[in-house]
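To keep things clear, I will list the structure first and then write my remarks on it.
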Amino acid sequence: MKLSHIAFAAVTLCLGSATFAAETIKIGAMLPLTGGSAPLGLAVRDGQRLAVAQINARGGVMGRNLELVEVNDESKPENAAANMKALLSKGVVACSCGVNTGVVLAYQPVMQAAKLPNVVPASAGTKLTKAFANAPEGNFTFRVQASDTLQAQMMVDYAIKKGYKKIALLHDTTPYGTGGHDDMVKQLLTHDVKAVAVGSFKLGDTDMSAQLAKAREAGAQVLLLYGIGTEQGHVAATGAKLGMHLPIIGSWTNATESFLNVAGAHAEGAISPQTFVEGASSAAGREFEGAYRAAYKRPRMNNPTAVAGGHDSILLLAAAIRQANSTDGTKIKAALERLSLPVPGAIATYNKPFSEDDHEGINLSSALMAIWKKGAVVRAPL
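Counting from 1 along the sequence shown, just add 126 to a position and that's the residue number in my numbering.
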């Protein structure tokens with residue numbers, strides 16, 4: 127072969143390698159980036175971007191960089207299916223999508239039909255990982271957030287352990303709130319306890335006087351609250367206006383900025399189940415916190431559980447793609463169900479977190495009860 131031909135072949139090979147190296151692995155990130163749930167969506171995105179930057183700095187996956195394909199779902203279920211189709215048209219091979227349970231339920235059929243794995247970073251609705259459990263092609267929805275069932279168990283058990291005998295329940299009317307309410311009722315029954323008062327509210331409601339008056343008339347000692355953070359904040363604020371000082375044990379969203387911004391000083395003492403609070407004990411958790419502060423220049427983490435869920439969902443997807451050595455959705459799903467190596471994350475070190483029959487990555491060992499204390503979320507007293 128002539129020298130010129132060898133040179134041409136070498137250049138062609140280099141160009142081909144450069145093209146391959148430049149081809150990214152696209153991960154879908156459909157989140158609420160505007161509207162009432164935006165603080166949570168933006169926090170998840172903070173964690174996702176952090177994980178992608180860390181992975182790419184270490185050489186990416188299969189020699190290729192990861193790329194987030196971000197879509198604003200605006201918390202609107204009516205747009206969810208179209209948004210998922212848009213992600214598919216952009217070549218995503220997997221997703222880290224989901225803050226609002228109703229939105230995830232709306233796009234799940236599209237995702238499932240496309241055999242697109244999704245590690246949900248924040249949505250807690252119990253039914254999400256069960257909706258396609260018996261599908262012939264397998265279930266493509268995984269989660270790295272405490273499910274409503276787990277959160278309800280933690281909330282009720284904490285209240286019972288603290289000696290509360292008269293428990294009031296309050297929830298919003300979204301799929302998230304009603305599902306959480308149902309799970310709390312079931313968990314109360316395991317203790318042979320029935321709520322002394324039950325109330326509900328709609329998104330956007332600000333005056334919770336009627337619901338709280340009902341709880342007070344029933345002699346409630348504690349309020350178990352399931353709702354998106356903003357309305358939980360209005361419950362705390364209304365209670366203060368009425369001179370009520372009912373302890374609040376809320377779902378994970380009462381540890382968010384949405385809750386604090388409305389409740390203000392009345393957030394103090396509110397309890398909730400979480401997967402992450404600052405002051406991590408693990409080396410991976412401390413690395414995550416340091417990277418967050420370096421990247422975002424904030425004195426404390428905004429919505430820690432959401433940030434950690436976004437971060438760890440990307441790490442788990444990267445591990446599965448690496449193990450599968452493929453971007454085929456079915457192979458990524460199979461790898462997620464059989465991860466062979468531990469994945470050190472912000473929330474936990476994941477040792478075989480999923481199986482074919484169980485797509486919940488969080489259990490009691492990787493969750494905790496947290497409390498608002500002087501404007502920060504910290505571990506609650508046992």
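Positions of the beta carbon are idealized from the N, C-alpha and C atoms, including for glycine.
Every value quoted in this text rests on a predicted model; they were computed, and no experiment measured them.
Distance between beta carbons of residue j and residue i, contact taken as under 8 Å
i    : j    : result
Y233 : A257 : 11 Å between Cβ atoms; not a contact.
I458 : G395 : Contact doesn't hold; Cβ gap of about 43 Å is too wide.
I488 : V270 : 6 Å
T456 : V219 : That pair is no contact at about 11 Å.
T299 : K328 : 5 Å
A393 : T431 : With a Cβ gap of about 16 Å, A393 and T431 do not count as contacting.
V388 : H360 : 6 Å
I374 : A391 : Contact doesn't hold; Cβ gap of about 14 Å is too wide.
T252 : F268 : Not confirmed; about 14 Å, so no contact.
I354 : S163 : 6 Å
G306 : S377 : 6 Å
K292 : Q347 : 5 Å
L213 : L296 : So it is not a contact: roughly 35 Å between Cβ atoms.
A502 : F414 : Their Cβ separation, rounded to whole angstroms, is 17 Å, which puts A502 and F414 out of contact at 8 Å.
Neighbour-count burial assignment, residue i, 16 or more Cβ in a 10 Å radius
i    : result
L441 : buried
K320 : exposed
R171 : buried
E149 : exposed
T332 : exposed
A147 : Per-residue confidence for A147 stands at a pLDDT of 45, beneath the threshold of 50, marking its modelled position as unreliable; the derived number appears in the next sentence. The residue in question, A147, is exposed, as its Cβ has fewer than 16 Cβ neighbours within 10 Å.
E357 : buried
L508 : exposed
A493 : buried
M343 : According to the sequence provided, residue 343 is Glu. The question's Met does not apply to it. E343 is exposed by the Cβ-count criterion.
P468 : exposed
S215 : exposed
D318 : exposed
G416 : exposed
E200 : buried
N260 : exposed
E486 : buried
S273 : buried
A294 : buried
A169 : buried
G71  : Limits of the chain in this structure are 127 at one end and 508 at the other, which puts residue 71 out of reach.
P243 : buried
N209 : buried
G167 : buried
T160 : exposed
N451 : exposed
P425 : exposed
S567 : Only positions 127 to 508 of the chain appear in this structure, which leaves residue 567 out of reach.
G85  : This structure cannot settle anything about residue 85, because the visible part of the chain is limited to 127 through 508.
L490 : exposed
D309 : buried
Continuous beta strand (DSSP E) stretch holding residue i: start and end
i    : result
K499 : L494 to K499
M156 : I151 to L157
P399 : I397 to Q400
E196 : L192 to N198
A502 : A502 to R505
N- and C-terminal bounds of the alpha helix (DSSP H) containing residue i
i    : result
G325 : Unbroken run through G325 is the beta strand (DSSP E), A323 to F327; no alpha helix (DSSP H).
L351 : Looking at the DSSP string, L351 is not in any alpha helix (DSSP H); the run it does join, the beta strand (DSSP E), is V348 to Y352.
N244 : Looking at the DSSP string, N244 is not in any alpha helix (DSSP H); the run it does join, the beta strand (DSSP E), is N244 to V246.
M100 : Any answer about residue 100 is impossible in this case: the structure gives the chain only from 127 up to 508.
V229 : T227 to A239
P165 : A164 to A183
L338 : S335 to E343
E413 : A409 to Y422
Contact with chain D by residue i, beta-carbon distance below 9 Å
i    : result
K340 : Included in the structure is just one protein chain, with no chain D present.
Checklist entry - Do three or more CB pairs link the region 282-292 to the region 475-488 at distances below 8 Å? => result Segments in contact, no.
Next on the checklist: Check whether the region 218-230 and the region 183-191 are in contact - that is, three or more C-beta pairs closer than 8 Å.
Outcome noted: Counting Cβ pairs under 8 Å, fewer than three are found: no touch.
Item to check | Completely contained alpha helix (DSSP H) runs for the region 266-321, where each covers 4 or more residues | outcome: Fully enclosed alpha helix (DSSP H) runs of 4 or longer: 274-287 and 301-316.
Item to check | the region 394-402 contacting the region 419-426, beta-carbon criterion three pairs below 8 Å | outcome: In this structure the region 394-402 does not touch the region 419-426; the number of beta carbon pairs closer than 8 Å is below three.
Checklist entry - At a cut of 8 Å, does the region 361-369 reach the region 456-465 through at least three beta carbon pairs? => result No: the two stretches stay apart, fewer than three of their Cβ pairs being nearer than 8 Å.
Next on the checklist: Check whether the region 275-283 and the region 309-326 are in contact - that is, three or more C-beta pairs closer than 8 Å.
Outcome noted: Verdict: yes, contact present.
Item to check | Touching by the beta-carbon criterion (3+ pairs, under 8 Å), the region 172-184 and the region 262-269 | outcome: The answer is no - the region 262-269 does not touch the region 172-184, with fewer than three Cβ pairs under 8 Å.
Checklist entry - Using 8 Å as the Cβ pair cut-off and three pairs as the minimum, do the region 429-437 and the region 195-215 touch? => result By the Cβ rule, the region 429-437 does not count as touching the region 195-215, because fewer than three pairs are nearer than 8 Å.
Checklist entry - Quick one: complete alpha helix (DSSP H) runs, 4+ long, within the region 357-395? => result Runs of the alpha helix (DSSP H) spanning 4 or more residues and lying entirely within the region 357-395 occur at 383-389, in chain order.
Next on the checklist: Report the start-end ranges of each beta strand (DSSP E) in the region 426-504 that is 3 residues or longer and not cut off at the edges.
Outcome noted: Runs found: 494-499.
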